[in-house]
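What follows is a single structure, written as C-alpha cells, with notes after it.
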Amino acid sequence: RIRRFLGRSLAMLEFRSCLLLERLKVSCPPPVLAGANISPLGTYESLLVCRYLPHHVNGKDFLKQCGDQAARKNFLSAVAGDLAVIHGNGLFHKDTNFSNILCNPQDSGRISWIDNDVKKIGSELDNYEKLALKRFQKAMVRNNLLNTMEWDFFVESYRKNMARRKKGETL
Numbered sequence: 029r030i031r032r033f034l035g036r037s038l039a040m041l042e043f044r045s046c047l048l049l050e051r052l053k054v055s056c057p058p059p060v061l062a063g064a065n066i067s068p069l070g071t072y073e074s075l076l077v078c079r080y081l082p083h084h085v086n087g088k089d090f091l092k093q094c095g096d097q098a099a100r101k102n103f104l105s106a107v108a109g110d111l112a113v114i115h116g117n118g119l120f121h122k123d124t125n126f127s128n129i130l131c132n133p134q135d136s137g138r139i140s141w142i143d144n145d146v147k148k149i150g151s152e153l154d155n156y157e158k159l160a161l162k163r164f165q166k167a168m169v170r171n172n173l174l175n176t177m178e179w180d181f182f183v184e185s186y187r188k189n190m191a192r193r194k195k196g197e198t199l
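Following my numbering, the numbering of the sequence shown begins with 29 at its first residue and continues without gaps.
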C-alpha cells in the first residue's frame, strides 16, 4: 500500500519499463500516462494508458489462428530476438507469455510487448532464462500453440540471438 505514495505504483513501474525497453529497441505500445489512486482510504488502483496499435492481436490468438508456417516462424523469430535483447541487457520480463506480445498479422515480425513489469537480474541470468523459456514451453503444451518443430526453432533462434549478443559484448 505504501508504494503508491512513493510514486512506485505498478502502472508507473510498467511506464518506466516501456521507456527502458524502447531505448533497447524492443517495441512496446508507446505509454501516454500512468496514475495511481493515492487516497489513504480508497482501494489501491493504478492505471497505465498506452497508444492503440491498430491491426494487432495478442500472440496467443495469432498462434491459434495462423496456419501460415512462414508467418509463425517470423513471429517466433521476432519474439526470440526481443527476448535475447531483454536478457542480454540483464533484464527479465516478469510476465513473459505469448498473451503479452502483440503481433500485426499482416507483418508477423512486427511485435510489441505489453504488461511490461521488467526487473534487473544481473548475474542470475541462467535461472531467469530457464524460467522464461519454461513459461513459453508451458503455453506450448497447455494451449497447444506450437508443435515440437516450432518450439525447437524458437529455442534455437533465442540461443543464436543470445550467442550473437555475447559475441558482440566480448569484441
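Backbone N, C-alpha and C fix where the C-beta goes; we use that ideal spot for every residue, glycine too. Keep in mind it's a predicted model, so treat the numbers as computed, not measured.
Close-in-space but distant-in-sequence residues of the same chain around residue i (CB under 8 Å, 5 per side omitted)
i: L81; result: P57, L130, N132 and S140
CB contact flag (residue i, residue j, <8 Å)
i: A62; j: F43; result: yes
i: K158; j: F120; result: no
i: N102; j: S136; result: yes
i: V54; j: I114; result: yes
i: L111; j: A160; result: yes
i: D145; j: D123; result: yes
i: S185; j: A64; result: no
i: L174; j: F182; result: yes
Limits of the beta strand (DSSP E) - the one that residue i falls within
i: C131; result: I129 to N132
i: K147; result: V146 to K148
i: F120; result: L119 to H121
Residue i classed as buried or exposed, judged by whether at least 16 other C-beta atoms fall within 10 angstroms
i: A98; result: exposed
i: N189; result: buried
i: K194; result: exposed
i: H83; result: exposed
i: A191; result: exposed
Beta-carbon proximity list for residue i, same chain, < 7 Å, skipping 5 on both sides
i: S127; result: N86, G87 and K88
i: I149; result: G118, L119, F120 and Y156
i: A39; result: A62, G63, A64, S74, L75 and L76
Interface flag, residue i vs chain B, CB-CB below 8 Å
i: N128; result: In the structure shown, chain B does not exist; there is a single protein chain.
Residue(s) in a DSSP beta bridge with residue i
i: P82; result: Paired residue(s): none; P82 is not in a bridge.
i: V77; result: L61
i: I139; result: C131
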